[in-house]
Structures are given as structure tokens and as C-alpha cells.
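Take the position in the sequence shown, starting the count at 1, then add 7; the result is the number in the working numbering.
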Amino acid sequence: MGKTYLNKLKPGSRFSLHGLQGILLNVGINAEVLITEIPDDAWHRSNESYYKGRQTWAAKTLVEEL
Numbered sequence: 008m009g010k011t012y013l014n015k016l017k018p019g020s021r022f023s024l025h026g027l028q029g030i031l032l033n034v035g036i037n038a039e040v041l042i043t044e045i046p047d048d049a050w051h052r053s054n055e056s057y058y059k060g061r062q063t064w065a066a067k068t069l070v071e072e073l
């Protein structure tokens, strides 16, 4: 769909960033996101528990809306 900032998306929207795919849960000063997919490479697989799950990102993070 195009690039946009997390704070411009509605909760429940899907997005991607550098191979990570996630869902926006909530947005305020920061954005609560749920990362559901990670790139299929050795680095991300060996650190899967760090990358997947609930995270807090800056609301002004530029992402691609899916």
C-alpha cells in the first residue's frame, strides 16, 4: 500500500519493516506492536524470541502498510 508512520495507522493494521511483519496494537507517544513474522535467515532464527512478540516502537517509525 505504501510507506507511512505507525502513528498514522489504525490499531489492528498490518505492516512490515525490513522483513519483520506485525500488527499495530495501540499508539500514543509510542506504539505497541505485535511482531508475527521475521526474516528467514540464521540471525533472526537464532534470536527469534527477541524479535517475535509484543514490542514498543517509536510512533514515528516509518513502515510499509500491508
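We put the beta carbon where it would ideally sit given N, CA and C, even for glycine. Since the structure is predicted, the reported quantities are computational estimates derived from the model, not experimental observations.
Own chain residues within Cβ distance below 6 Å of residue i, not counting five before or after
| i | result |
| --- | --- |
| L41 | G29, I30, L32, R61 |
Among the options, nearest to residue i - alpha-carbon criterion
| i | options | result |
| --- | --- | --- |
| Y57 | A66, K67, A65, P46 | P46 |
8 Å Cβ shell around residue i - same chain, five flanking residues per side excluded
| i | result |
| --- | --- |
| L27 | I42, E44, I45, P46, Y58 |
| A65 | L13, N37, A38 |
| E18 | Reading the sequence as shown, one finds Pro at residue 18 and not Glu. Excluding positions up to five away in sequence, the list reads L31, L32, N33, V34. |
CA-to-CA distance, residue j to residue i, given in whole angstroms
| i | j | result |
| --- | --- | --- |
| T68 | L13 | 6 Å |
| T63 | W50 | 21 Å |
| R21 | E72 | 6 Å |
| T11 | V70 | 6 Å |
| D48 | G9 | 25 Å |
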